[in-house]
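Colleague: Residue numbers (the numbering used here): 22 to 209.
For glycine and all other residues, C-beta sits at the position ideal for the given N, C-alpha and C.
1. Identify the continuous alpha helix (DSSP H) that holds residue 176 and give its terminal residues.
2. Which partner residues does residue 104 have in the DSSP bridge list?
3. For residue 114, count neighbouring Cβ atoms within 10 angstroms of its own Cβ and tell me buried if that reaches 16, exposed if not.
4. Since residue 108 contacts residue 135 with CB under 8 angstroms, what's their CB separation in whole angstroms?
5. DSSP state of residue 25, grouped into three classes?
6. Does the separation of the CB atoms of residue 154 and residue 186 fall below 8 angstroms?
7. Does the distance from the C-beta atom of residue 69 to that of residue 95 stay below 8 angstroms?
8. Leaving out five residues on either side along the sequence, give the residues of the same chain with a beta carbon under 7 angstroms from the beta carbon of residue 84.
9. From the DSSP output, in three-state form, read off residue 145 for me.
10. Under 8 angstroms by Cβ, that's how I've got residue 182 and residue 132 pegged, so tell me the actual separation to the nearest angstrom.
11. How far does the alpha helix (DSSP H) with residue 71 in it reach, from first residue to last?
12. Closest to residue 156 by CA distance: which of 140, 127 and 184 is it?
13. So, under 8 angstroms CB-CB, residue 163 and residue 141 are touching, yes? Tell me the CB distance rounded to an integer number of Å.
What follows is the structure in structure tokens.
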């Protein structure tokens, strides 16, 4: 990751995944800067001290639930440590508005960072799909959910979301696909 071309390659991959809509190239660069993501971006997937502090505030414990404080620790961990767990939970915060205003573009961006740096984690794909769906990019949402299910075919949420999207489509073929997804959920 000390290769100076890594940043350019990563940026190119993220821009291609987004395809300039719903996030434009300038927004991608702003987000990269905001979250301190560059070619030296360290990538770990650990229970760091900052991640654990965020998790405590999210789950409650003796502090009580405080999503704003949890988000603060997750985002700090993301920026300082490049912790992919915190990338995921920061994305969730922007999706649900937990401690920060809802921002589907930031949620999508962070999900795609997760996909870029940890391609085998199925939930990053479904998180990106949720954002694409919310931003009106249904075909991209389907693509990301299908990819999520290639990684983990028994992923209940992925099957449920894909079945839901298929049901929203009006043609018979998608209804058959929806039935298959929903059938799988109830027969695992």
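Modeller: Result, derived from the coordinates:
1. No alpha helix (DSSP H) contains residue 176, which DSSP labels as neither H nor E.
2. 65
3. buried
4. 5 angstroms
5. Any reading at residue 25 must be qualified, since the residue scores a pLDDT of 39, below 50, and its modelled position is unreliable; the value itself is stated next. If DSSP states are grouped into helix, strand and coil, residue 25 belongs with the helices.
6. yes
7. no
8. 77 and 78
9. helix
10. Incorrect: roughly 13 angstroms between the Cβ atoms, too far for contact.
11. 70-80
12. 127
13. The pair is not a contact, with the Cβ atoms about 20 angstroms apart (cut-off 8 angstroms).
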